[in-house]
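Chemist:
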Amino acid sequence: MSQQQTYYDILNISPEASALDIVKAYREIKSIYQPNALATFSLYDKHELETINQQIEEAYAVLSNSAARLEYDKSINKPKSQKQINKDKTTSLQSRQPSTQEVETRHTMQSVAIPDKVNGQSLRNIRKAQHISLEYIANTTNIPKAYLKAIEHEDIALLPGKFYLKSYLKQYAASIGLEPDQVWEKYQSQLKD
Amino acid sequence: MNIPVCHTPAQIWAVASGKGGVGKSFIAANLAMAFAAHEQRTILIDLDLGSANAHTCLGINQTQHTLSQLLNHRDMNINNLVERGHNPFIGLISGSDDDFDMANLKHFQKLKIMRNIKHLDADYIILDLGAGTGFNTLDFFLFADQGILAVVPEPTSIENTYRFVKSLLARKLKSLPHQSQTLIHGILNKQKKTMGKVQSFAALLNDMLEKHPKHGQIIQTSLATLNLNLMVNQVIDPADIKLGESMQVVFQRYFTLALNYLGYLHHDAHVVRALKQRESYFQLYPQSRNATCLLRITEKIITKQHSS
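Shown next, in the form of structure tokens:
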């Protein structure tokens, strides 16, 4: 999956940035990508710099307008709205008692539609979109973090055996709101490919 | 500063730049002196093969040994080639008076040097590399645990630094599986045909992740082992200091690489004075702004290593 830049990425700020932070970031980023800037010397041609500056202007126009920013924030948080749409496909999460900020994330987490192609990267993207850390899954499932990482990197050789892969993958899937059996089927067939 | 005694393997730092004359040897030698001032056993190795002068920056005028001896003698222990400096914590493996063909190191010789460096008894090893993008320089840079890119606030230095990083990435990608390399070539050729030139490394990675996710991830995993740091030398204006921060932003956008801005050193006429006196700058001007900067930079590095 490609890494699409958000307006926040373009201005090099966090989505929690204040209005003042946005103005400061805009000025700084404009100075970096101005035609005679030292930091970009020889990397970009004139046309590329124009495109980058257009992107900066576009990002600033939206983020500096509080109403437009709110709208934009909603649009980039698509995974959350998809979750709402797929409420009927809910799966029960095993009851555990996490004690961090992720408790809230988990309580609000609904089931997620399973993509057509299930691989390590797509699973990782779904997990990240819900702000669930690997540490949290490791703590709640008692699966070592290294094995969870191996699942996401499709580094199956690192796992103790195929039986464990199935068991670990299903628990991992449930932890991120996916239907475990379907995930196992698709992940397995993808590995064979 | 109270720093606990370290018995872990030495951390290897390489100092490089695309352009010559930006102060690589000055940075490497004085960084080594600053580590030694923190009572860290430090060895500076002059790998500016064929143009060695780190010994002069360190204020060591007479050297007994040279790196060539390691290649010419089968049973040479690299620890016996270390010259001792003014401070008991500093050592130097000099390239002074090395063989005339040293600049054209053969592959097996390079591997022998790398193997031996790992056996050095030290806390920090600093590699002073030559200018340019030759394979030897790139390989020693990739061999190090941490790489420092030395730049001065001039267009020529910035241009050559980016060229160095591009060459470094090309060299790094050579170690990827054959299939990944073929796919990369395919995307680059397509970019050349459609856009007229190769696009940013970020665009390449994005294409790979989109079209060949598995191979895109292989690239990402490979890049994760690259630890790039930046030092801006010969700073005059406050804007020069900002250059480091700006380059961090550009590195992220163009290369998708995290660049750690270690710090900057001021333009100082005393650097040449120290060289003329055949003395180490750090030794001669310990109260200078640059010595303070170097002490602060090395303190951060040591603290970070001990906390990790």
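Protein sequence lines, in the order shown, are assigned to chains C and E.
Each residue of the first sequence is one higher than the last, beginning at 1 in the numbering used here.
Each residue of the second sequence is one higher than the last, beginning at 1 in the numbering used here.
Where a beta carbon is used, it is the ideal one built from N, C-alpha and C, also for glycine.
Note that the coordinates shown come from a computational prediction; the quantities given were computed from them, not determined experimentally.
Verify the CB distance criterion: does T40/C have a CB-CB separation below 8 Å to chain E?
Modeler: Closer than 8 Å: yes.
Chemist: Would a check of beta-carbon distances place V249/E closer than 8 Å to chain C?
Modeler: So yes, V249/E belongs to the interface.
Chemist: For A36/E, tell me which candidate among N72/E, I12/E and G91/E has the shortest Cα-Cα distance.
Modeler: Closest by alpha carbon: G91/E.
Chemist: Less than 6 Å between C-beta atoms, sequence neighbours within five positions excluded: which residues of the same chain meet that for L158/C?
Modeler: Excluding positions up to five away in sequence, the list reads A150.
Chemist: Do the stretch 108-128 of chain E and the stretch 41-55 of chain E meet, that is, are 3 or more Cβ pairs less than 8 Å apart?
Modeler: As far as the Cβ criterion goes, the stretch 108-128 of chain E touches the stretch 41-55 of chain E, which means the pair count is three or higher.
Chemist: Since E83/E sits in a beta bridge, which residues does DSSP pair it with?
Modeler: DSSP output for E83/E lists L92/E as bridge partner(s).
Chemist: If the cut is a Cβ gap below 8 Å, which residues of chain E does I56/C touch?
Modeler: Those do not exist, as I56/C stays about 11 Å from chain E at its closest Cβ, beyond 8 Å.
Chemist: Under the three-state reduction of DSSP, which class applies to T42/E: helix, strand or coil?
Modeler: Strand at T42/E.
Chemist: At 3 residues or longer, what runs of the beta strand (DSSP E) sit wholly inside the stretch 255-308 of chain E?
Modeler: Complete beta strand (DSSP E) runs here, min 3: 259-266.
Chemist: Let me make sure I understand the geometry here. Which of L31/E, F26/E and G216/E has the alpha-carbon closest to that of I301/E?
Modeler: Ranking the options by Cα distance to I301/E, first place goes to L31/E.
Chemist: Could you please tell me which residues of the stretch 158-177 of chain E, in chain order, have their CB closer than 7 Å to any CB of chain C?
Modeler: Answer in chain order: I158, E159 and Y162.
Chemist: Select from A34/E, S51/E, T8/E and A29/E the residue whose C-alpha is nearest the C-alpha of G20/E.
Modeler: Of the listed residues, the one whose Cα sits closest to G20/E is S51/E.
Chemist: Output, in chain order, the set of chain E residues within a Cβ distance shorter than 7 Å of I32/C.
Modeler: What I32/C touches in chain E: S246, V249 and V250.
Chemist: Determine the burial state of Y68/C: buried for a count of at least 16 other Cβ atoms within 10 Å of its Cβ, exposed for fewer.
Modeler: Note that residue 68/C is Ala in the sequence shown, not Tyr. Answer is exposed; the Cβ neighbour count stays below 16.
Chemist: Name the chain C residues that come within less than 7 Å of Y254/E, Cβ to Cβ?
Modeler: Within chain C, the residues near Y254/E are L43.
Chemist: Provide the residue span of the beta strand (DSSP E) that contains V151/E, from first to last.
Modeler: V151/E -> beta strand (DSSP E) spans Q146 to V151.
Chemist: Is the Cβ of L259/E closer than 8 Å to any Cβ of chain C?
Modeler: No, its Cβ sits nowhere closer than 8 Å to a Cβ of chain C.
Chemist: For R296/E, which residues in the same chain have their Cβ closer than 8 Å to its Cβ, ignoring the five residues on either side in sequence?
Modeler: G263.
Chemist: Is the Cβ of Q217/E closer than 8 Å to any Cβ of chain C?
Modeler: Closer than 8 Å to some Cβ of chain C, the Cβ of Q217/E qualifies, so yes.
Chemist: Could you tell me whether any Cβ in chain A is nearer than 8 Å to the Cβ of L230/E?
Modeler: Checking the listed chains, one finds no chain A in this structure; the protein chains it contains are C and E.
Chemist: Can you find a CB in chain E that lies within less than 8 Å of the CB of Q188/C?
Modeler: No - not a single Cβ of chain E is within 8 Å of the one on Q188/C.
Chemist: Helix, strand or coil, according to DSSP, for N233/E in the structure here?
Modeler: In the structure shown, N233/E sits in a strand (DSSP, three-state: E or B).
Chemist: With distances taken Cα to Cα, identify the nearest neighbour of Q34/C among E57/C, A17/C and L20/C.
Modeler: Nearest C-alpha to Q34/C: E57/C.
Chemist: Answer with buried or exposed for P160/C, where buried requires no fewer than 16 other C-beta atoms within 10 angstroms of its C-beta.
Modeler: Per the 10 Å Cβ criterion, exposed.
Chemist: Output needed for I78/E: all residues of its chain with C-beta closer than 8 Å, excluding positions within five of it in sequence on either side, in chain order.
Modeler: Counting only Cβ-Cβ distances below 8 Å, and skipping sequence neighbours, we find L70, I93, N116, I117, H119 and L120.
Chemist: Quick one: Cα of N119/C to Cα of F26/E, how far?
Modeler: Computed Cα separation, rounded: 49 Å.
Chemist: DSSP beta-bridge partners for D29/E?
Modeler: The question names Asp, yet the displayed sequence has Ala at residue 29/E. Bridge partners of A29/E: none, in fact.
Chemist: Applying the 10 Å Cβ sphere with the 16-neighbour rule, what's the burial state of T108/C?
Modeler: Low confidence applies to T108/C: its pLDDT is 38, below 50, so where it sits in the model is not reliable, and the reading given next is rough at best. Exposed: under 16 other Cβ atoms inside 10 Å.
Chemist: Determine the direct distance from the alpha carbon of E83/E to that of Q64/E, and round the result to whole angstroms.
Modeler: If I take the Cα positions, the gap works out to 7 Å.
Chemist: Which one of V165/E, Q179/E and A16/E has the shortest CA to CA distance from D128/E?
Modeler: Nearest C-alpha to D128/E: A16/E.
Chemist: Hey, does L183/E have any beta-carbon neighbour from chain C nearer than 8 Å?
Modeler: No, because no Cβ of chain C sits closer than 8 Å to the Cβ of L183/E.
Chemist: Touch check for the stretch 221-228 of chain E and the stretch 141-151 of chain E: three-plus C-beta pairs under 8 Å?
Modeler: Touching, yes.
Chemist: In whole angstroms, give me the CA-to-CA distance for A103/E and G134/E.
Modeler: In a straight line, the C-alpha of A103/E is about 10 Å away from that of G134/E.
Chemist: Please confirm if Q182/C has its CB atom under 8 Å from at least one CB of chain E.
Modeler: No - not a single Cβ of chain E is within 8 Å of the one on Q182/C.
Chemist: For a contact meaning CB atoms closer than 8 Å, what does P153/E contact in chain C?
Modeler: The contacting residues are L38.
Chemist: For T6/C versus V250/E, is the C-beta spacing smaller than 8 Å?
Modeler: Not in contact: T6/C and V250/E (Cβ atoms no closer than 8 Å).
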